[in-house]
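Undergrad:
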Amino acid sequence: MQRPLILGIETSCDDTACAVLDGDGRVLSSVVSSQLAAHRPYGGVVPEIASREHLANWLPVSEQALAEAGIRTAELDAVAATRGPGLVGALLVGLTLGKALSFALGRPFYAVHHLEGHLYSPFLDPATGAAARAAAAAPQRFQGLVLSGGHSSLFAVHDGRIETLGETRDDAFGEVFDKVGKRLGLPYPQGPRVDELAERGDPAAHRLPVPGCGDTLDFSYSGLKSQTLTEIERLERRLGPLGTAAGPAAELPQPALDLLAAFRAAAVAQVIDRLERLVRRPPGNGGGTDGPLAVSGGAAANRLLRRELPAWSARHGRELRLVPLVYAGDNAAMIAHAALLRHHRGLVDDPFAAEAESRIPI
Ligand code: KG4
Ligand code: ZN
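Numbering of the sequence shown is given in the working numbering, commencing with residue 1475 and proceeding in unit increments.
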C-alpha cells in the first residue's frame, strides 16, 4: 500500500459512492449504493429524494469502504469529493461531508469535476481489495470520450490540461436511451434495458438519422429521439399500445425490438462518425493520431459500442482504452483517482472555497 491514502466521495446523482485508493491508484475498496428502488416509482431521478437518500446511505457506505480497505479514518492522507456537475442538493451532501472530514482530520481536500473522474477512469484497474493493481499511468497526451446520462463529450488531454473538442448540443447519449425506454414503459434506468432488448432486433428494419453538427465534433440526439418516438407511435397504430410511461411494457413484439436495434445502431453510428472526423482532423486542432482514445461514462457499458470501438481502433491503428465495466457508471474510485493525479501534479484545493455547482466547465 503506497501513501497517500485517498478517500473519494461521489454523490452527484443517484449513487452514493465511497472508495479508498492508495498512492499508486490501487482501488483498495469501491462501494456504490444505488438508489434505484427509491426513484423507480417515478421513472427517473427525483432530486429531493436523491439528497435524502445520500444522507441516509453515507454512514453504512463509508464504513464499508473503510472496512474493505482495512484502514481507519485517521489513517487517511487526503479526501476528495465531487463538486459538480450534478444535482446541487445531492452534490452538497457529499461535498460537505468531504470538506468536514478533511477539516476534522487536518488533511488536504480535492474538489473534483465529475467528468474529470470519468475521463481518467479507463486507466483504473478493475481488480480491487487484496488483488488490487496500480492504475496504468495516464499518458501525457490522449483523447477522451465520455458518454453518460448528461454528457456526450470529446476531450483532448495534454499534460493534465483538458480541452473540450465536442459536446452535447441537446440530449446526451445515455439520456436518449432513457427517454426512448421510458416511452416504452421500461423501468428506470432504461438505458441498459434498451441496450439488452436491442440485441434481439434487426437494425436494418428502419433507417434512422445520423446527423452531423457542421464541422464540429458536437453530438446531437434530439432528432434521433423524435424520429424514434414517431416510429413508436406508428407501430402502436398497427399493433396497439406498446407501453406507457407509468407502467412496464408487456413483452415487446419483434417490430419494436427491431426499432430499438435501429435506434441503438444510429446512436452508436453517430459516435463512430465523430471519431472518424476526429482522426481526419489535423494534429494541433485536437485531432491527429497520437495517444490512446479513453472511453468512459455509464453509457460506455453499451454492448454495441463496445463491439464497434475495437473495430474503429483497428482501422486506424489507435490504442483504445475502454473503461472497465465496474467503473463505467458513477463511482467514487474515479473521483479519488482524479484527485490523486492532481496530487501528483502538486495541486490541492481550499476546502472552504469549494462550492457545489450544477453546471461547470471542465
Ligand atoms: O455516468 P452515469 O452512471 O451517470 C451520469 O453521470 O449520467 O451514466 C448513466 C447513464 C444513464 O443515462 C444510463 O441509462 C446510461 O448511462 N446507460 C446506458 C447503458 N448503461 C447505462 N446507455 C446505453 N446503453 C447501456 N448499456
Ligand atoms: Zn457520471
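Note that CB positions come from ideal geometry on N, CA and C, so glycine has one too.
#1: Between the beta-carbon of Arg1667 and the beta-carbon of Gly1648, is there less than 8 angstroms?
#2: Can you tell me the Cα-Cα spacing of Gly1568 and Ile1809, whole angstroms?
#3: Whole angstroms are fine: how far does the CA of Gly1714 sit from the CA of Ser1504?
#4: If we count the other Cβ atoms within 10 Å of its Cβ and call it buried at 16 or more, is Gly1634 buried or exposed?
#5: Restricting to runs no shorter than 3 residues, where is the beta strand (DSSP E) found entirely within the segment 1512-1588?
#6: On the criterion of 16 or more Cβ atoms from any shown chain inside 10 Å, does Ala1720 qualify as buried, or is it exposed?
#7: Any heavy atom of the ligand KG4 closer than 7 angstroms to the beta-carbon of Gln1664?
#8: Shorter than 7 angstroms, the distance from the beta carbon of Asp1804 to the closest heavy atom of the ligand ZN, or not?
#9: Can you find a heavy atom of the ligand KG4 that lies under 7 angstroms from the Cβ of Ala1736?
#10: For the alpha helix (DSSP H) holding Ile1706, just list the boundary residues, first then last.
#11: So within the segment 1789-1831, which uninterrupted beta strand (DSSP E) runs reach at least 3 residues, ignoring any that extend past its ends?
#12: Under three-state DSSP, which class holds Ala1719?
#13: Alpha helix (DSSP H) containing Val1745: first to last residue?
#14: Quick check on the DSSP output: the alpha helix (DSSP H) that includes Gly1648 runs from which residue to which?
#15: Residues in the same chain with beta-carbon distance under 7 angstroms from Gln1701, minus the five sequence neighbours each way, listed in chain order, please.
#16: Which residue wins for smallest C-alpha separation from Cys1492, given the options Tyr1801, Gly1640, Val1631?
#17: Tell me which residues share the same chain as Phe1616 and place their Cβ nearer than 6 angstroms to its Cβ, disregarding the 5 neighbours each side in the sequence.
#18: Checking the sheet assignment: what are the DSSP bridge partners for Asp1489?
#19: Can Gly1865 be considered in contact with the ligand ZN, in the sense that its beta carbon sits closer than 7 angstroms to one or more heavy atoms?
#20: Count the other CB atoms, across all protein chains shown, that sit within 10 Å of the CB of Gln1744; report buried if there are 16 or more and exposed otherwise.
#21: Going by DSSP in three states, Ala1678 sits in which element: helix, strand or coil?
#22: Work out the CA separation of Gln1614 and Gly1482 for me, nearest whole Å.
#23: Pick helix, strand or coil for Leu1479, following the three-state DSSP scheme.
#24: Please report the residue range of the beta strand (DSSP E) in which Gln1858 lies.
#25: Whose C-alpha, out of Asp1489, Arg1500, Pro1515, Glu1673, is nearest the C-alpha of Val1506?
#26: If you draw a straight line from the alpha carbon of Thr1570 to that of Val1494, how long is it in whole angstroms?
#27: DSSP three-state call for Val1668: helix, strand or coil?
TA: Judging by the given coordinates:
#1: No; because the gap between Cβ atoms is not below 8 angstroms, this pair is not in contact.
#2: If I take the Cα positions, the gap works out to 12 angstroms.
#3: Answer to the nearest angstrom: the Cα atoms are 45 angstroms apart.
#4: The Cβ neighbour count for Gly1634, taken over all protein chains shown within 10 Å, is under 16; the residue is labelled exposed.
#5: If one requires a minimum length of 3 residues, the beta strand (DSSP E) runs lying completely within the segment 1512-1588 are 1552-1558, 1583-1587, in chain order.
#6: At Ala1720 the pLDDT is 47, less than 50, meaning the model places this residue with poor confidence; the figure from the coordinates comes in the next sentence. By the neighbour-count rule (16 or more Cβ atoms within 10 Å), Ala1720 is not buried but exposed.
#7: Yes, the Cβ of Gln1664 comes within 7 angstroms of a heavy atom of the ligand KG4.
#8: Asp1804: yes, Cβ under 7 angstroms from the ligand ZN.
#9: Annotation for Ala1736 indicates a beta carbon at 7 angstroms or more from all heavy atoms of the ligand KG4.
#10: Where Ile1706 is concerned, the enclosing alpha helix (DSSP H) stretches over 1696-1713.
#11: Counting only runs of 3 or more residues that sit fully inside the segment 1789-1831, the beta strand (DSSP E) segments are 1794-1796, in chain order.
#12: Low local confidence applies: a pLDDT of 49 at Ala1719 is under 50, so the model's placement there is unreliable, with the coordinate-based value given in what follows. When DSSP states are grouped into helix, strand and coil, Ala1719 belongs to the coil group.
#13: Its alpha helix (DSSP H) spans residues 1728-1754.
#14: 1647-1657 is the span of the alpha helix (DSSP H), which, as asked, contains Gly1648.
#15: The answer, listed in chain order, is Leu1682, Pro1683.
#16: Shortest Cα-Cα distance from Cys1492 to any of Tyr1801, Gly1640, Val1631 involves Tyr1801.
#17: If we look at Phe1616 and ignore the five residues flanking it on each side, its Cβ neighbours are Val1631, Gly1765, Pro1766, Ala1768.
#18: Ser1508, per the DSSP bridge assignment.
#19: Any answer about residue 1865 is impossible in this case: the structure gives the chain only from 1475 up to 1836.
#20: Around the beta carbon of Gln1744, 16 or more other beta carbons lie within 10 angstroms, which makes this residue buried.
#21: The three-state reading of DSSP puts Ala1678 in helix, counting H, G and I together.
#22: Going by the C-alpha atoms only, they are around 24 angstroms apart.
#23: Leu1479 falls in the coil class under three-state DSSP.
#24: Outside the shown range of the chain, which is 1475 to 1836, sits residue 1858, and nothing can be said about it.
#25: Ranked by Cα distance from Val1506, the options Asp1489, Arg1500, Pro1515, Glu1673 are led by Asp1489.
#26: A straight-line Cα-Cα distance of about 18 angstroms links Thr1570 and Val1494.
#27: DSSP places Val1668 in helix when its eight states are reduced to three.
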